[in-house]
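Asks: Protein chains in written order, with our numbering: chain A, 87 to 323; chain B, 87 to 323.
Note that CB positions come from ideal geometry on N, CA and C, so glycine has one too.
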DNA sequence: TCACGTTTGCTAACGCCGTTAACGGCGCAT
DNA sequence: ATGCGCCGTTAACGGCGTTAGCAAACGTGA
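1) I need the straight-line Cα distance from residue 316 of chain B to residue 280 of chain B, nearest angstrom please.
2) Among B:252, B:284, B:282 and B:285, whose alpha-carbon lies nearest the alpha-carbon of residue 271 of chain B?
3) Report the CB separation of residue 268 of chain A from residue 250 of chain A in whole angstroms; it is logged as a contact under 8 Å.
4) Using a C-beta cutoff of 8 Å, does residue 145 of chain A count as contacting chain B?
5) In or out: residue 164 of chain A buried (at least 16 other Cβ within 10 Å) or exposed?
6) Can you give me, in chain order, the residues of the segment 178 to 200 of chain A that have a beta carbon less than 9 Å from any beta carbon in chain B?
7) Using a Cβ-Cβ cut-off of less than 8 Å, give me the residues of the segment 250 to 266 of chain B that come near chain A, in sequence order.
8) When DSSP labels each residue in this structure, what does residue 34 of chain A get in the three-state scheme?
9) Does residue 119 of chain B get closer than 8 Å to chain A when you measure Cβ to Cβ?
10) How is residue 101 of chain B classed by DSSP in three states: helix, strand or coil?
11) Applying the criterion that 16 or more other CB atoms from any shown protein chain within 10 Å of the CB defines a buried residue, is residue 141 of chain B buried or exposed?
12) Flag residue 113 of chain A as yes if its beta-carbon sits less than 8 Å from any beta-carbon of chain B, otherwise no.
13) Since residue 198 of chain B and residue 226 of chain B should fall inside the 8 Å C-beta cutoff, what is the C-beta to C-beta distance between them, to a whole number of angstroms?
14) Can you tell me whether DSSP reads residue 141 of chain A as helix, strand or coil?
15) From what residue to what residue does the alpha helix (DSSP H) around residue 186 of chain B run?
16) Counting only C-beta atoms, is residue 223 of chain A closer than 8 Å to chain B at any point?
17) Need the endpoints of the alpha helix (DSSP H) that residue 302 of chain A sits in, please.
18) With 8 Å as the threshold, decide whether the Cβ of residue 282 of chain A is near any Cβ in chain B.
19) When Cβ atoms are compared, which residues of the segment 294 to 312 of chain A fall closer than 9 Å to chain B?
20) Go to residue 235 of chain A, then tell me how far its alpha helix (DSSP H) extends in each direction, as first and last residue.
21) Once DSSP output is grouped into helix, strand and coil, what is the label at residue 124 of chain B?
22) Can you tell me which of the three DSSP states residue 251 of chain B falls into?
23) List, in chain order, every chain A residue whose beta-carbon is nearer than 7 Å to that of residue 239 of chain B.
24) How long is the line joining the alpha carbons of residue 289 of chain A and residue 308 of chain A, rounded to whole angstroms?
25) Where does residue 87 of chain B sit, in a helix, a strand or coil, going by DSSP?
26) Secondary structure at residue 155 of chain B, three-state DSSP: helix, strand or coil?
27) Answer yes or no: does any C-beta atom of chain B fall closer than 8 Å to that of residue 279 of chain A?
28) On a Cα-Cα basis, can you pick out the residue from A:273, A:129 and A:95 that is closest to residue 240 of chain A?
29) If you measure from the CB of residue 124 of chain A, is any heavy atom of the ligand MN nearer than 7 Å?
30) Under the rule that 16 or more other beta-carbon atoms within 10 Å means buried, what is residue 185 of chain B, buried or exposed?
31) Establish whether the CB of residue 220 of chain B and some CB of chain A are separated by less than 8 Å.
32) Could you round the C-beta distance between residue 152 of chain B and residue 201 of chain B to whole angstroms and report it? I think they count as a contact, below 8 Å.
33) With a threshold of 8 Å between beta carbons, is residue 248 of chain A in contact with chain B?
34) Please return the same chain residues whose Cβ sits closer than 8 Å to the Cβ of residue 146 of chain A, not counting the five positions on each side in sequence.
35) Could you name the residues of the same chain whose beta carbon sits closer than 7 Å to that of residue 168 of chain B, not counting the 5 residues immediately before and after it, in chain order?
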């Protein structure tokens with residue numbers, strides 16, 4: 087993995103580009119992330135960026151990947167800060183970290199979890215961003231794996247799950263090479279639906295019609311989901 | 087509400103504009119919904135559209151309003167098709183209709199429930215689209231009201247709800263002038279989080295990493311939520 | 001019927017955008 | 001030292017939202 091001088095300055099330039107793009111996204115909004123603006127910030131001209139990315143869209147995809155990594159790192163550090171054997175604390179930490187990150191990085195969050203960029207999921211080719219996205223998802227799945235291993239919460243037996251769903255879950259488990267009951271994956275997905283649903287609605291302002299401060303509502307959901315997982319959610323801190 | 091000839095042709099033109107915009111959205115994708123393209127389809131030029139809308143963004147907001155109305159109508163007709171006193175059937179119909187509409191109108195759905203268009207929810211001025219959005223939300227809320235009135239599902243008592251959440255729910259209830267327990271509104275919001283979360287994840291392809299066919303997974307969630315509401319969800323049809 | 005103000009379309013233009021082509025200089029390896 | 005490849009440039013194309021200025025059509029009241 088040793089890079090020559092040439093490759094090093096190239097990698098550094100790519101980093102500077104994506105960081106400039108991200109800063110523009112944060113400070114000016116997604117519409118301000120143009121090739122000309124990025125180049126201007128870097129003291130270059132727009133066509134020069136084509137030496138590093140084949141298109142504006144691919145540049146954005148790279149930013150998406152970086153953002154996923156950033157979010158994943160935040161989750162990991164949140165998990166690390168929790169007491170090693172307090173599963174309830176770890177679960178709370180991960181979910182709250184996700185919400186906090188979304189709250190503190192609304193525009194970045196929109197890029198990750200809002201409307202997909204391109205035409206629409208037609209040929210979903212494998213790229214840097216989708217790999218980072220999978221790594222992010224895996225962080226939560228591994229948390230569930232640990233949760234279930236240390237403190238098995240009630241989970242439907244394989245035979246109890248509808249055939250259609252079971253087959254897909256089995257295929258997913260095999261693809262990942264994980265060893266855990268299908269019901270655990272099912273519960274993971276259901277929890278993810280609620281976590282993602284609550285945070286997205288809130289961040290995109292789709293709860294404003296009813297709630298002025300969605301935070302306690304989120305905490306309520308967090309407590310419910312935690313109790314579904316057999317965790318002790320009485321300690322609110 | 088009688089309109090002169092002048093106003094009638096104006097209203098008709100506005101309709102033609104939004105319908106052309108919507109057709110472009112459906113057939114070519116959101117990036118194809120440009121003023122020039124709309125005008126071209128109508129045999130006009132782009133600046134002429136400024137006689138009807140003050141900006142491209144406002145035109146899109148009007149399309150959003152129309153789409154909300156379309157979706158709301160679909161929900162109502164789905165509800166109407168269900169047996170009048172079979173609450174489980176009505177609940178299933180509404181949720182399935184929502185998912186089906188989202189599935190059959192992916193790009194429109196993205197416009198309604200994806201990343202908000204403008205800078206980002208700063209000055210949320212009242213406009214046609216937000217009014218239609220509220221009407222849509224009310225459709226679900228009224229369903230819950232009817233559900234609870236005819237078949238009261240278990241709901242936390244007002245005193246059991248955390249102060250922070252209770253106050254907001256009370257304010258929302260008073261704003262709407264509805265007469266139903268705060269716990270019912272709370273359950274409504276929680277169900278909406280799950281319904282919206284599941285459908286959005288699925289439509290935006292954010293469940294592809296695990297599931298190839300999300301429909302049975304959705305049906306599972308539907309059954310769970312329905313049972314939470316005390317409905318008989320055994321009949322799958 | 002005619003004149004007048006309003007409404008509705010047009011063309012031309014501005015400054016953006018993503019993208020491509022052609023070209024020059026700089027660094028590195030032979 | 002020479003040549004090649006990488007990296008940046010300028011110029012340009014077509015398309016975008018938007019504005020200004022103008023002309024024709026329209027409805028209305030005298």
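Replies: According to the structure data:
1) Locating residue 316 of chain B in the second chain gives position 230, where the first residue counts as 1. Locating residue 280 of chain B in the second chain gives position 194, where the first residue counts as 1. In this model, residue 316 of chain B and residue 280 of chain B are separated by some 17 Å (Cα to Cα).
2) Taking the second chain and counting its residues from 1, the one referred to as residue 271 of chain B is at position 185. Comparing Cα-Cα distances from residue 271 of chain B to each of B:252, B:284, B:282 and B:285, the minimum goes to B:252.
3) Walking along the first chain from the start, residue 268 of chain A turns up at place 182. Walking along the first chain from the start, residue 250 of chain A turns up at place 164. 12 Å between Cβ atoms; not a contact.
4) Counting from 1 along the first chain, the entry for residue 145 of chain A is found at position 59. No - not a single Cβ of chain B is within 8 Å of the one on residue 145 of chain A.
5) Here residue 164 of chain A refers to the residue found at position 78 of the first chain. Its Cβ being crowded by 16 or more others within 10 Å, residue 164 of chain A is buried.
6) Hits within the stretch, in order: 192, 193, 196, 197, 199 and 200.
7) Answer in chain order: 250, 251, 254, 255, 257 and 258.
8) Coverage of chain A is limited to positions 87 through 323, which leaves residue 34 of chain A absent and any answer about it impossible.
9) Counting from one through the second chain, the residue named residue 119 of chain B turns up at place 33. Put simply, the CB of residue 119 of chain B is far from chain A, with every gap to its CB atoms at 8 Å or more.
10) Taking the second chain and counting its residues from 1, the one referred to as residue 101 of chain B is at position 15. Three-state DSSP puts residue 101 of chain B in a helix.
11) Taking the first residue of the second chain as 1, we reach residue 141 of chain B at position 55. Its Cβ having fewer than 16 others within 10 Å, residue 141 of chain B is exposed.
12) On the first chain, position 27 is the one that residue 113 of chain A refers to. Not an interface residue.
13) For this step, residue 198 of chain B is matched to residue 112 along the second chain. For this step, residue 226 of chain B is matched to residue 140 along the second chain. Not a contact, Cβ separation roughly 14 Å.
14) Indexing the first chain from 1 puts residue 141 of chain A at position 55. Taken through DSSP and simplified to helix, strand or coil, residue 141 of chain A comes out as coil.
15) Reading the second chain from its first residue, position 100 is the one you call residue 186 of chain B. Looking at the DSSP string, the run of the alpha helix (DSSP H) that includes residue 186 of chain B is 173 to 190.
16) Along the first chain, read from residue 1 onward, the residue named residue 223 of chain A stands at position 137. Yes, residue 223 of chain A counts as interfacial toward chain B.
17) Mapped onto the first chain, residue 302 of chain A falls at position 216. 301 to 314 is the span of the alpha helix (DSSP H), which, as asked, contains residue 302 of chain A.
18) By 1-based counting over the first chain, the position of residue 282 of chain A is 196. Residue-level contact by beta carbon holds for residue 282 of chain A and chain B, with a gap shorter than 8 Å.
19) The residues in question are 294, 295, 296, 297, 298, 299, 300, 301, 302, 303, 305, 306, 307 and 310.
20) Position 149 of the first chain, counted from the first residue, corresponds to residue 235 of chain A. For residue 235 of chain A, the uninterrupted alpha helix (DSSP H) run begins and ends at 214 to 236, by DSSP.
21) As a working mapping, residue 124 of chain B is identified with position 38 in the second chain. In this structure, residue 124 of chain B counts as helix in the three-state DSSP scheme.
22) Mapped onto the second chain, residue 251 of chain B falls at position 165. Residue 251 of chain B falls in the helix class under three-state DSSP.
23) The residue given as residue 239 of chain B occupies position 153 in the second chain. In chain order: nothing, as chain A lies at least about 15 Å away.
24) Within the first chain, numbered from 1, the residue matching residue 289 of chain A stands at position 203. Within the first chain, numbered from 1, the residue matching residue 308 of chain A stands at position 222. Straight-line Cα distance between these residues: approximately 16 Å.
25) On the second chain, residue 87 of chain B is found 1 positions in, with the first residue counted as 1. Below a pLDDT of 50, predicted positions are generally treated as unreliable, and residue 87 of chain B, at 48, falls in that range; no measurement from the model is reported.
26) Position 69 of the second chain, counted from the first residue, corresponds to residue 155 of chain B. In the structure shown, residue 155 of chain B adopts helical secondary structure according to DSSP, grouped into three states.
27) Reading the first chain from its first residue, position 193 is the one you call residue 279 of chain A. With 8 Å as the cut-off, residue 279 of chain A counts as an interface residue toward chain B.
28) What you label residue 240 of chain A is simply residue 154 of the first chain in a count that begins at 1. With distances taken between Cα atoms, residue 240 of chain A lies closest to A:273.
29) Only the bare structure without any ligand can be found here, which leaves the ligand MN out of the picture.
30) Mapped onto the second chain, residue 185 of chain B falls at position 99. Buried: at least 16 other Cβ atoms inside 10 Å.
31) Position 134 of the second chain, counted from the start, is the residue given in the question as residue 220 of chain B. Output row for residue 220 of chain B: interface = yes.
32) Residue mapping note: residue 152 of chain B aligns to position 66 of the second chain, counting from 1. Residue mapping note: residue 201 of chain B aligns to position 115 of the second chain, counting from 1. A Cβ-Cβ separation of about 19 Å leaves residue 152 of chain B out of contact with residue 201 of chain B under the 8 Å criterion.
33) Start at 1 with the first residue of the first chain, and residue 248 of chain A comes out as number 162. Closer than 8 Å: yes.
34) In the first chain, residue 146 of chain A corresponds to position 60, counting from 1. 107, 119, 197 and 203.
35) One-based indexing of the second chain puts residue 168 of chain B at position 82. Same-chain partners within the cutoff: 175, 176 and 179.
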